[in-house]
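What the sequence shown shows, in this note's numbering, is residues 864 to 985, in sequence order.
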Amino acid sequence: MNVLLGLAGSDESITALRRTIERTRAAGDDLTVAIVEKPEAERSQDEMRRQAEDLLSKAGIDAAIERLDGDPGSALVDHAEQGEFDQLVIGGGTLSPMGKIQLGPVTEFVLLNSPITVTLVR
């Protein structure tokens with residue numbers, strides 16, 4: 864399977880990265896990591912790239928790492944449309960006090976507009 868992983872600099876993105884690396888190693892998937900620009904994120908694109916490179920190296924996985932500019936949701940959806948990906952993986956979603964999932968604007972945009980299957984890692 865050809866997997867596109869979107870990273871936006873949040874803790875949820877790090878969780879998605881770790882779980883996708885585990886899945887990639889177990890299933891032998893082809894992985895592309897797309898780091899989007901999100902100014903309010905906890906980590907910069909450069910920090911996310913270093914962390915992705917470190918985790919991928921430790922796992923022995925050779926994956927392409929790309930930097931996407933512009934609106935994060937649109938950039939991920941456009942990249943998914945242009946590539947030959949089978950699945951788009953993103954981190955996101957928190958639980959409300961009532962136990963319901965709350966989605967941020969980027970996550971919601973990707974879920975509603977992606978032309979391929981989206982896996983949401985919480």
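Just so you know, even glycine gets a beta-carbon here, dropped at the ideal spot from N, CA and C.
DSSP places Asp893 in the uninterrupted beta strand (DSSP E) bounded by Asp893 to Val899.
Listed in chain order, the non-local C-beta contacts of Arg985 below 6 angstroms within the same chain comprise Gly956, local neighbours out to five positions each way being set aside. Between the region 943–958 and the region 973–982 there are three or more C-beta pairs closer than 8 angstroms, enough to call the two in contact. A distance below 6 angstroms between beta-carbons, with the five flanking residues on each side excluded, links Thr883 to the following residues of its chain, in chain order: Leu868 and Val952.
Sorting Pro960, Ile964, Thr887 and Gly946 by C-alpha distance to the C-alpha of Ala922 places Thr887 at the top. Ranked by Cα distance from Gly891, the options Ala879, Asn865 and Glu971 are led by Asn865. Counting only the Cα atoms, Ala926 lies some 21 angstroms from Asp874. Counting C-beta atoms within 10 angstroms of its own C-beta, Ser977 has 16 or more neighbours from the protein chains shown and is therefore classed as buried. Beta-bridge analysis with DSSP links Ala927 to Thr895.
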